[in-house]
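In what follows, a single structure is set out as structure tokens and then discussed.
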Ligand code: ATR
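Residue numbers (the UniProt record's numbering): 1 to 278.
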């Protein structure tokens with residue numbers, strides 16, 4: 001039987017993952033299927049049943065998207081260090097009756113910035129907006145890239161401080177703050193919007209003075225064209241703005257490699273999925 005993979009989320013209609021993994025499979029000549037599954041939203045543990053049934057019927061792996069990343073993490077029998085540090089899973093592997101959890105979101109984001117956009121974080125001033133699941137996934141890969149400074153700003157500043165405290169000894173160059181504190185912090189080479197504000201068309205209250213026009217503004221959401229955050233950055237004179245399409249494809253490539261043992265080429269897939277920002 002063909003090896004089976006899936007992405008599970010709710011809603012799931014908008015997902016690009018079957019297209020991305022289909023292109024990867026074709027390019028690397030892997031015989032596999034990849035479908036989208038709408039997971040159950042009921043508060044009982046229907047999610048675990050759906051995952052276990054997929055695995056029992058020959059499923060080899062799954063991507064996990066909102067709102068199931070925490071449930072998938074909790075369900076696993078084993079977890080990678082980066083999944084444990086993010087507290088969430090975005091990929092599962094089913095092996096010898098066990099469920100193994102991984103999280104490639106942060107590494108996908110870092111790869112898109114450093115490799116695809118050509119901006120190594122070493123020595124840079126980096127501002128991460130938000131302290132939820134998305135920011136949590138980005139924190140450790142960002143720190144591993146040795147920025148000169150990493151500031152995490154959140155509306156609820158205590159949540160940002162808790163995140164920094166969790167990063168522990170690695171957090172020497174990390175600071176947490178509220179948006180109001182950003183006025184006194186100068187310009188940043190990279191500003192990443194890891195809040196969920198763009199999903200509702202909102203703008204995090206970030207002062208335009210944080211943008212270095214020679215730097216980059218990165219929006220984690222994708223396919224939303226010029227979000228209020230990217231518009232603010234553009235109006236502040238930033239030429240290089242990006243949405244999360246590259247991150248999406250890079251995390252998919254990491255998962256594909258983990259499952260199949262071959263890392264697909266990503267540039268052509270990113271090109272195919274890229275929607276002009278304006
Ligand atoms: P995700 O998994 O997308 O990170 P989450 O864990 O629910 O989702 O976290 C949402 C993040 O977006 C939080 O950092 C939240 O800020 P608060 O913790 O202060 O609530 C942030 N957020 C959501 N809407 C926002 C808005 N309009 N302006 C600024 N931050 C916002």
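For glycine and all other residues, C-beta sits at the position ideal for the given N, C-alpha and C.
These figures come from a predicted structure and were not determined experimentally.
An exposed status is given to residue 41, since fewer than 16 other beta-carbon atoms sit within 10 Å of its beta-carbon. When C-alpha distances from residue 277 are compared across 234, 213, 266, the shortest belongs to 234. Taking a C-beta distance under 8 Å as the contact criterion, residue 204 and residue 212 do not qualify as a contact pair. Membership of residue 52 in the alpha helix (DSSP H) is indicated by the continuous run 46–56.
Contact check for residue 183 against residue 208 fails: the beta carbons are separated by 8 Å or more. Taking 7 Å as the cut-off, the C-beta of residue 156 counts as close to a heavy atom of the ligand ATR. Three or more Cβ pairs closer than 8 Å define a contact, and the segment 18–31 meets that threshold against the segment 249–258. If you draw a 10 Å sphere on the C-beta of residue 214, you find fewer than 16 other C-beta atoms in it, and that means exposed. Assignment of residue 59 by DSSP, reduced to helix, strand and coil, places it in the strand class. The DSSP assignment places complete beta strand (DSSP E) segments of no fewer than 3 residues inside the segment 223–261 at 240–242, in order along the chain. The closest heavy atom of the ligand ATR lies less than 7 Å from the beta carbon of residue 195. Counting every other CB atom within 10 Å of its CB across the protein chains shown gives residue 247 a total of 16 or more, marking it as buried. The shortest C-alpha to C-alpha distance from residue 72 to any of 161, 101, 160, 61 is the one to 101. In the structure shown, the three-state DSSP call for residue 187 is coil.
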